[in-house]
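Novice: Here it is: the structure, laid out below.
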Ligand code: GDP
Ligand code: IMO
Ligand code: MG
């Protein structure tokens, strides 16, 4: 058995999709454990861009089993649309995709309710993806959620839709939305049942079988540690646990089954939606990062907020997840900068802080302390040999590693699988490198 959890160490969009696609050949199965189609994981294969939202990013490799765990909230419509568009690209979709019986469903009222709640918040809105993720998790913890398994029993599904709509229709109407007809919702979802049924299984049992057979499994995180419902910048977070503990609850595997955790870390910082962002650059420098990094949401197309690398935030993420190894992504975006700043600490009212503050009003007002690093001013893209990287980049990398307390085991220098530097001596055997193809 060999298992690895891959986790975003910032506010999402660190490049998880690219790395998961790259390392999938080293695994027999790839399993999503939280989130839903709020995720946008971009993979390029020979110049062709593919964005995965709900289906694990290992799907492009034939023969890889793709699992969607109970911790995921699943929109059947989004799943079927994504499966269809992948099929059109020639990707095989069949028994290779397995959905957990006890994953919760996103229902049509969830995104409508979310719209109402975001509007009500006005200037204080979260800036969610409006995919119904938060309201679906609210129903899950409120013990009124509808699960994938309920699709397989028509009377149960009918009752649950009726009970939920009895509660939700008045809220929809108060919020200026039309009430939903329980019969219509039932008809829509019972039609999905037939299409989803071949994919539905007992995922924890299947995972246990795989582990006992000595198969290797990749646990795919969506979002990032700072969007975690418990440890992120609450309330400006998503409604699930992207942090490593989410693997156990979101897939039904014990903590002893997670052998290593790999953090995906962008060489600068981005954030979509509202909430505190201490190192945000609001003027030309941020604009340059956005333009060079093509920092626009892979799900909603919104411009991503950009800023300098925040070592306080990433070291917090490494601590929360037990991360010892990171993948540094997108350093090539910084090629154009004469000087690069790294946030080494926060001060609040003039006093240095220890750790990452959980009070949003403190994080809103912290004074980031910066260390200036000389830029390398030469293209990193397509470099596949560590020894050929410029000395100024190696300095930047070393500073980041020291500040966050983890070592870079992979460096990504472009969007394609080939634009990657693997450092075998730092990977410590967590990947079967004979199976991974990088370099030209
Ligand atoms: P994810 O949500 O963590 O999978 O990340 P996204 O796909 O939302 O955003 C990352 C973006 O950066 C995607 O457009 C990737 O194609 C791109 N990307 C990933 N790694 C690199 C890299 O090393 N260099 C460059 N230039 N782009 C990268
Ligand atoms: P990947 O997997 C970046 C953000 C939203 C919003 C907050 C809550 O591609 O890294 P939600 O719809 O989840 O309730 O929105 O979380 N958000 C993401 N930001 N990358 C993501 O996913 C995100 N998924 C949600 O913008 O601020
Ligand atoms: Mg993304």
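Numbering (this note's numbering), first residue to last: 956 to 1395. All residues carry an ideal CB built from backbone N, CA and C; glycine is no exception.
1. I want to check one thing, is the minimum distance from the CB of residue 992 to the heavy atoms of the ligand GDP below 7 Å?
2. By Cβ distance, which residues of its chain are closer than 6 Å to residue 1281, with the 5 residues on each side in sequence left out?
3. Report the partner residues of residue 1327 according to the DSSP bridge assignment.
4. So is residue 1091 in contact with chain D if we call contact Cβ pairs under 8 Å?
5. Kindly give me the distance between the Cβ atoms of residue 1066 and residue 1085, rounded to whole angstroms, as I take these residues to be in contact under 8 Å.
6. Looking at the structure shown, is residue 1389 part of a helix, part of a strand, or coil, going by DSSP?
7. Would you check if the segment 981–991 and the segment 1235–1252 touch, i.e. whether three or more CB-CB distances between them fall below 8 Å?
8. Distance check for residue 1261 and residue 1032, CA to CA, integer angstroms please.
9. Based on Cα-Cα distance, which residue from 957, 966, 961 lies nearest to residue 1226?
10. Is DSSP giving residue 1265 helix, strand or coil here?
11. Looking at C-alpha atoms only, which residue of 978, 1028, 1144 is the closest neighbour of residue 1194?
12. If residue 1050 sits next to residue 1011, beta carbons under 8 Å apart, how far is it from one beta carbon to the other, in whole angstroms?
13. Is residue 1178 near the ligand IMO - that is, is its Cβ less than 7 Å away from at least one heavy atom of it?
14. Express the C-alpha separation of residue 1392 and residue 977 in angstroms, rounding to a whole number.
15. Closest to residue 1059 by C-alpha separation, out of 1181, 1082, 1036, 1026, would be which residue?
16. Using CA atoms only, rank isn't needed, just tell me which of 1289, 1130, 1185, 1151 is closest to residue 1034.
17. Quick check: the Cα distance between residue 1384 and residue 995, rounded to an integer number of angstroms?
18. Could you check if residue 1253 belongs to the surroundings of the ligand IMO, using beta carbon to heavy atom distance under 7 Å?
19. Would residue 1180 pass as a contact of residue 1186 if the rule is Cβ separation under 8 Å?
20. When you measure from the CB of residue 967 to every non-hydrogen atom of the ligand MG, does any distance come out below 7 Å?
21. Grab me the residues of residue 1154's own chain with a C-beta within less than 7 Å of its C-beta, minus the 5 sequence neighbours each way, in chain order.
22. Report the option in 1250, 1370, 1378 whose CA atom is closest to the CA atom of residue 1001.
23. Helix, strand or coil for residue 1012, going by three-state DSSP, please let me know.
24. With distance defined between alpha-carbon atoms, name the residue in 1019, 1112, 1202 nearest to residue 959.
25. Since residue 1083 and residue 1073 are thought to touch, with beta carbons under 8 Å apart, how far apart are those beta carbons, to the nearest angstrom?
26. Can you list the beta strand (DSSP E) stretches of 3 or more residues lying completely in the segment 1112–1198, in chain order?
27. Report the partner residues of residue 1053 according to the DSSP bridge assignment.
28. Cα separation between residue 1312 and residue 1273?
29. On the DSSP bridge assignment, give the partners of residue 1235 in chain order.
30. Restricting to Cα atoms, I'd like to know which of 1317, 1267, 1338, 1275 is closest to residue 1287.
31. Kindly indicate which residue of 1296, 1295, 1310 has the alpha-carbon position closest to the one of residue 1302.
32. Could you tell me how far apart the beta carbons of residue 1056 and residue 1157 are, in whole angstroms, since I believe they sit closer than 8 Å?
33. Per the contact definition of three or more C-beta pairs closer than 8 Å, is the segment 1098–1118 in contact with the segment 1136–1145?
34. Please classify residue 1380 as buried or exposed, where buried requires at least 16 neighbouring CB atoms within 10 angstroms.
35. What residues in its chain sit with their C-beta under 7 Å from that of residue 1333, if we drop five residues either side in the sequence?
36. The ligand GDP and residue 1367: does any heavy atom of the ligand fall closer than 7 Å to the residue's C-beta?
Specialist: Looking at the atomic coordinates:
1. On the chain shown, residue 992 is found 37 positions in, with the first residue counted as 1. Not under cutoff, so the answer is no.
2. Position 326 of the chain shown, counted from the start, is the residue given in the question as residue 1281. Only 1218, 1220, 1361, 1363 meet the Cβ criterion.
3. Stepping through the chain shown from its first residue, residue 1327 is reached at position 372. BP columns for residue 1327 point to 1296.
4. Checking the listed chains, one finds no chain D in this structure; it contains a single protein chain.
5. On the chain shown, residue 1066 is found 111 positions in, with the first residue counted as 1. On the chain shown, residue 1085 is found 130 positions in, with the first residue counted as 1. Indeed they touch by this definition, with Cβ atoms about 6 Å apart.
6. Looking up residue 1389 in the chain shown gives position 434. Helix at residue 1389.
7. no
8. Position 77 of the chain shown, counting from 1, holds the residue named residue 1032. Position 306 of the chain shown, counting from 1, holds the residue named residue 1261. Residue 1032 and residue 1261: Cα-Cα distance of roughly 32 Å.
9. On the chain shown, position 271 is the one that residue 1226 refers to. Residue 1226 has its Cα closest to that of 966, out of 957, 966, 961.
10. The residue labelled residue 1265 in the question sits at position 310 within the chain shown. Strand.
11. Locating residue 1194 in the chain shown gives position 239, where the first residue counts as 1. Of 978, 1028, 1144, the residue nearest in Cα terms is 1028.
12. Residue 1050 sits at position 95 when you count from the first residue of the chain shown. Residue 1011 sits at position 56 when you count from the first residue of the chain shown. That pair is no contact at about 14 Å.
13. Translated into the one-based positions of the chain shown, residue 1178 becomes position 223. Proximity of the beta carbon of residue 1178 to the ligand IMO is indicated: a heavy atom of the ligand is located closer than 7 Å.
14. In the chain shown, residue 977 corresponds to position 22, counting from 1. In the chain shown, residue 1392 corresponds to position 437, counting from 1. If I take the Cα positions, the gap works out to 8 Å.
15. Within the chain shown, the letter at position 104 stands for residue 1059. The shortest Cα separation from residue 1059 among 1181, 1082, 1036, 1026 belongs to 1026.
16. In the chain shown, counting from the first residue as 1, residue 1034 sits at position 79. Answer by Cα proximity: 1151.
17. The sequence position of residue 1384 within the chain shown is 429, counting from 1. The sequence position of residue 995 within the chain shown is 40, counting from 1. Straight-line Cα distance between these residues: approximately 29 Å.
18. Your numbering for residue 1253 matches position 298 in the chain shown. Under cutoff, so the answer is yes.
19. Working through the chain shown from its first residue, we reach residue 1180 at position 225. Working through the chain shown from its first residue, we reach residue 1186 at position 231. Yes, the Cβ-Cβ distance between residue 1180 and residue 1186 is below 8 Å.
20. For the purposes of this step, residue 967 is taken as the residue at position 12 of the chain shown. Yes.
21. Walking along the chain shown from the start, residue 1154 turns up at place 199. Contacts found: 1052, 1053, 1054.
22. Locating residue 1001 in the chain shown gives position 46, where the first residue counts as 1. Taking only the C-alpha atoms, the option nearest residue 1001 is 1370.
23. Residue numbering aside, residue 1012 sits at position 57 when the chain shown is read from its first letter. Looking at residue 1012 - three-state DSSP - the assignment turns out to be coil, as it is neither helix nor strand.
24. Here residue 959 refers to the residue found at position 4 when the chain shown is read from its first residue. It is 1202 whose Cα lies nearest to the Cα of residue 959.
25. For this step, residue 1083 is matched to residue 128 along the chain shown. For this step, residue 1073 is matched to residue 118 along the chain shown. So it is a contact: roughly 6 Å between Cβ atoms.
26. 1171–1175
27. Along the chain shown, one-based indexing puts residue 1053 at 98. Paired residue(s): 1022.
28. Numbered from its first residue, the chain shown carries residue 1312 at position 357. Numbered from its first residue, the chain shown carries residue 1273 at position 318. Residue 1312 and residue 1273: Cα-Cα distance of roughly 15 Å.
29. The residue given as residue 1235 occupies position 280 in the chain shown. 1262.
30. As a working mapping, residue 1287 is identified with position 332 in the chain shown. Answer by Cα proximity: 1338.
31. Numbered from its first residue, the chain shown carries residue 1302 at position 347. Of 1296, 1295, 1310, the smallest CA-CA separation from residue 1302 is found for 1310.
32. Within the chain shown, the letter at position 101 stands for residue 1056. Within the chain shown, the letter at position 202 stands for residue 1157. With a Cβ gap of about 6 Å, residue 1056 and residue 1157 count as contacting.
33. yes
34. The count along the chain shown starts at 1 and reaches residue 1380 at position 425. With fewer than 16 Cβ atoms within 10 Å of its Cβ, residue 1380 is classed as exposed.
35. Position 378 of the chain shown holds residue 1333. These residues qualify, in order along the chain: 1290, 1345.
36. Numbered from its first residue, the chain shown carries residue 1367 at position 412. Checking every heavy atom of the ligand GDP against the Cβ of residue 1367, one is found closer than 7 Å.
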